[in-house]
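Number of protein chains: 2
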Amino acid sequence: MNIRAMVQRTQEVFILVYLTLFSKATGLKPYPKPSLPQVEGAAFCLSWRLAVETDNVRAWRTVPTQCLRYIETYMIGGQYDRDVDFLIGQILSYVNGIALSGDGMDAWILDVDDTCISNVFYYKSKRYGCDPYDPSGFKAWAMTGGCPAIPGMLGLFSKLVSSGFKVFMVTGRDEETLGQVTTENLHNQGFVGYERLILRTAAYKGQGAVAYKSNIRKQLAEEGYKIWGNVGDQWSDLQGDFVGNRTFKLPNPMYFVP
Amino acid sequence: MNIRAMVQRTQEVFILVYLTLFSKATGLKPYPKPSLPQVEGAAFCLSWRLAVETDNVRAWRTVPTQCLRYIETYMIGGQYDRDVDFLIGQILSYVNGIALSGDGMDAWILDVDDTCISNVFYYKSKRYGCDPYDPSGFKAWAMTGGCPAIPGMLGLFSKLVSSGFKVFMVTGRDEETLGQVTTENLHNQGFVGYERLILRTAAYKGQGAVAYKSNIRKQLAEEGYKIWGNVGDQWSDLQGDFVGNRTFKLPNPMYFVP
C-alpha cells in the first residue's frame, strides 16, 4: 500500500465514521452512498434532456424510466422555473427592442399547454412522462379547467397586450370538446385581452402540429399580421412556415408533440 | 441554540476538521467552501447554457464571466463528452435506419470546427469563451494544424464513409489561408475518405454562415446529392435552405458564429 492509497483509504474510513455518526441525527441516509452509477445516471439524464431540448431526439414517446427522479427534481425542484424565467428575461429584452408599426397588425403567437398554463400537476400522476401519453386522462384533466398559469408567462402576456401587440393563443386542443373550458381556464388564470384563441377545428383533425400551426400562421400572415414572436414548449410550435421573426422554445422534458 | 443548529454546527466543524486534515494530502483546496451563491450561480449558468443550446439566446459575444468555472467544468469535466457521445448514439441509430439509394448521391454534411476537430484546448486560453473572439489568435491556433479529433465524431465519420455515404466537410474557414493546414489537420486526425472539403472562398467573404452554408448545400442539391444528415455545433450550420433530412446540433457553449 503506497502513501496515496493509504490516504485514500483513511479518507474513506473517515467519511464512513462521519456518515455513521451523523446519519441518524440529520435524517440523512448514508446508504446507498453516492456511487458512480447514480452520478452516471444523472449525467445520462442531463444528456438526454439536452438532446430533447435541442431537437436532436425526436418523436420520443416516454421519458427514460431511469430519469424519473431526475425529471421530477428538474420540474418541481426549481431549475425548470429558473430556465423558464431566464428565457422570459430574454424574450422581454427582445420585446423591449421592437418598434411597433402601430397599425394594429403587430402580432405574437403563444402556445397554450405548458407555455401559458401548466400541466405539471397532471404529469406528476403520469410519472413526469415516464408513462405513455394518455389521451383520455389528459382530456379529463383539461376538462377541469384547473391548469395554473405559468407565472412568468402571464407576466409576458400582460406586457405584450399592454404594449399593443395582438396576441394569438394557438393550441392543438380540440375546439369542439375543449373550446369552452380552455377559454374559461385561460380567463380564470388571468389571460385576458388576447386577440384570438385558436383551437383545432374538425378541418385540422389528425394533422401534425407543424402542418396545423403553419396553416394557422399562414392565415394570420394573409390577414396582414406581422408575427414578431412565437413561443412554445414544443419544437412543432416553432417549425414549418411563417414561424415568426423570433421563436422561443420553452423547456419541456415530459412529452413530445409530433 | 437548538438541537438542530447544534448538529449542524457540529457537522460544519467536523467537515472543517476533515478538510484541514486532508486538503494538503489530497491537494484539494477546502476554501472557498461550497456556498449558496455558487449553487445559485451554477443554476444561472445551467439556464444560460440551455438557452444558448436551444437557440433562444442569439448573437451572444462572450460567456458570462460568472460562468467561467461552470463552463470549464462542463467542457473538460466529462459532461460535454457525455453529451456529444449521447448525441452520436442518436445519430448512429438514425444512420442505421437509412436505406441508401446506392446511386452514389447519398450525402452527409459535417461542419469542421468543434464538430469533427476540437478547439477546446485553444479556448482554454480564452477562458472558455469569457474572452471575446480573437480572429488572429484563432488563426494562429488553426495554423498549427493541431486540433485533435473529437473521438466519437471520428467514429461517426468512419461509419458514414464505410457505409457508402458521400461526406462533405463544410467549414467557414478561409480557403486561401487555412485550406492547406485544415486538409492536413483533418488527415492527421484520421478524417480520410471524405468526398470534398469545402472552405470559404473569396466569393463568400463577409457572408453570414447561414447564407454561405445554404449556398453550398444548394449547390450540392443541384448536383443531385440527397442530404441525409447535417451535423454542426452552431445553429447557423443547420438553418437556412437545404438543411438536410435531419440536423443534429452538437453542444458548444464557448462561442457563437453568426
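So the sequences go chain by chain: G and D. If you want my numbering, it's the position in the first sequence, counting the first as 1, plus 1353. If you want my numbering, it's the position in the second sequence, counting the first as 1, plus 1353. Glycine included, C-beta positions come from ideal geometry on N, C-alpha and C.
Do you know offhand how far residue i's Cα is from residue j's?
i: GLY1505(G); j: VAL1437(G); result: 7 Å
i: LEU1531(G); j: ASN1568(G); result: 20 Å
i: TYR1423(D); j: CYS1483(D); result: 11 Å
i: ILE1441(G); j: THR1524(G); result: 20 Å
i: ALA1502(G); j: LYS1512(G); result: 15 Å
i: TYR1476(G); j: CYS1469(G); result: 16 Å
i: ALA1493(D); j: ASP1434(D); result: 26 Å
i: GLY1593(D); j: GLN1560(D); result: 13 Å
i: PHE1439(D); j: VAL1405(G); result: 11 Å
i: THR1407(D); j: ASN1538(G); result: 29 Å
i: VAL1360(D); j: GLU1425(G); result: Note that VAL1360(D) scores a pLDDT of 43, beneath 50, so its modelled location is shaky and nothing firm can be said.
i: ASP1467(D); j: VAL1514(D); result: 20 Å
i: GLY1450(D); j: SER1516(D); result: 12 Å
i: LEU1403(D); j: TRP1401(G); result: 13 Å
i: ARG1414(G); j: ALA1396(G); result: 21 Å
i: CYS1500(D); j: ALA1452(D); result: 33 Å
i: GLU1576(D); j: GLU1576(G); result: 39 Å
In terms of alpha-carbon separation, which member of the options lies closest to residue i?
i: GLY1431(G); options: PHE1609(G), PRO1604(G), PRO1611(G); result: PRO1604(G)
i: ASN1621(G); options: GLY1546(G), VAL1405(G), GLY1517(G), MET1496(G); result: A question about residue 1621(G) goes unanswered here, because the residues of chain G that appear run from 1354 up to 1611.
i: LEU1550(D); options: LYS1558(D), GLY1559(D), GLN1560(D), LYS1566(D); result: LYS1566(D)
i: VAL1545(G); options: PHE1521(G), GLN1560(G), TYR1608(G), GLU1529(G); result: PHE1521(G)
i: GLY1498(G); options: ASN1541(G), PHE1510(G), ASP1487(G); result: ASN1541(G)
i: TYR1427(G); options: ALA1555(G), ARG1480(G), GLU1537(G), GLU1576(G); result: ARG1480(G)
i: LEU1509(G); options: TYR1547(G), ARG1414(G), GLY1490(G), SER1478(G); result: TYR1547(G)
i: SER1478(D); options: ASP1467(D), PHE1491(D), ASP1466(D); result: PHE1491(D)
i: GLU1528(D); options: THR1554(D), LEU1453(D), TRP1588(D); result: THR1554(D)
i: TRP1588(D); options: ASN1409(D), GLN1533(D), ARG1414(D); result: ASN1409(D)
i: PHE1518(G); options: GLU1576(G), SER1454(G), PHE1474(G); result: SER1454(G)
i: ILE1429(G); options: ARG1402(G), PHE1474(G), CYS1500(G), SER1516(G); result: PHE1474(G)
Here's a check: name, in chain order, each residue in its chain whose Cβ is nearer than 8 Å to the Cβ of residue i, leaving out the five neighbours to either side.
i: ILE1580(G); result: ALA1460, TRP1461, ILE1462, ARG1570, LEU1573, ALA1574, PHE1595, VAL1596, GLY1597, ASN1598
i: GLY1582(D); result: ILE1444, TYR1447, VAL1448, TRP1461, ILE1462, GLY1597, ASN1598, ARG1599, THR1600, PHE1601
i: PRO1488(G); result: none
Here's a check: name, in chain order, each residue in its chain whose Cβ is nearer than 6 Å to the Cβ of residue i, leaving out the five neighbours to either side.
i: ARG1526(D); result: THR1535, LEU1552
i: TYR1329(G); result: Lying outside 1354 to 1611, the shown extent of chain G, residue 1329(G) is not represented and no answer is given.
i: TYR1557(D); result: TYR1565
i: CYS1613(G); result: Examination of residue 1613(G) is not possible in this model, given that chain G is present from 1354 through 1611 alone.
i: THR1337(D); result: What the structure shows of chain D is the stretch from 1354 to 1611, and residue 1337(D) is not part of that stretch, so it cannot be assessed.
i: LYS1386(G); result: Below a pLDDT of 50, predicted positions are generally treated as unreliable, and LYS1386(G), at 36, falls in that range; no measurement from the model is reported.
i: GLY1394(D); result: GLN1419
i: GLN1533(D); result: none
Mind reading off the beta-carbon distance from residue i to residue j? Whole number of angstroms is fine, and I expect it under 8 Å.
i: ALA1562(G); j: ASP1590(G); result: 7 Å
i: ALA1412(D); j: PRO1611(D); result: 6 Å
i: VAL1584(G); j: ASP1456(G); result: That pair is no contact at about 22 Å.
Could you pull out every residue in the same chain whose Cβ sits closer than 7 Å to the Cβ of residue i, ignoring the five residues on either side in sequence?
i: TYR1608(G); result: GLY1482, TYR1486
i: GLY1543(D); result: ALA1502, LEU1507
i: VAL1416(G); result: ILE1424, TYR1481, GLY1482, CYS1483, PRO1606, MET1607
I'd like to know if residue i contacts chain C, where contact means its C-beta is closer than 7 Å to some C-beta of that chain.
i: GLU1406(D); result: Of the protein chains in the structure, G and D, none is chain C.
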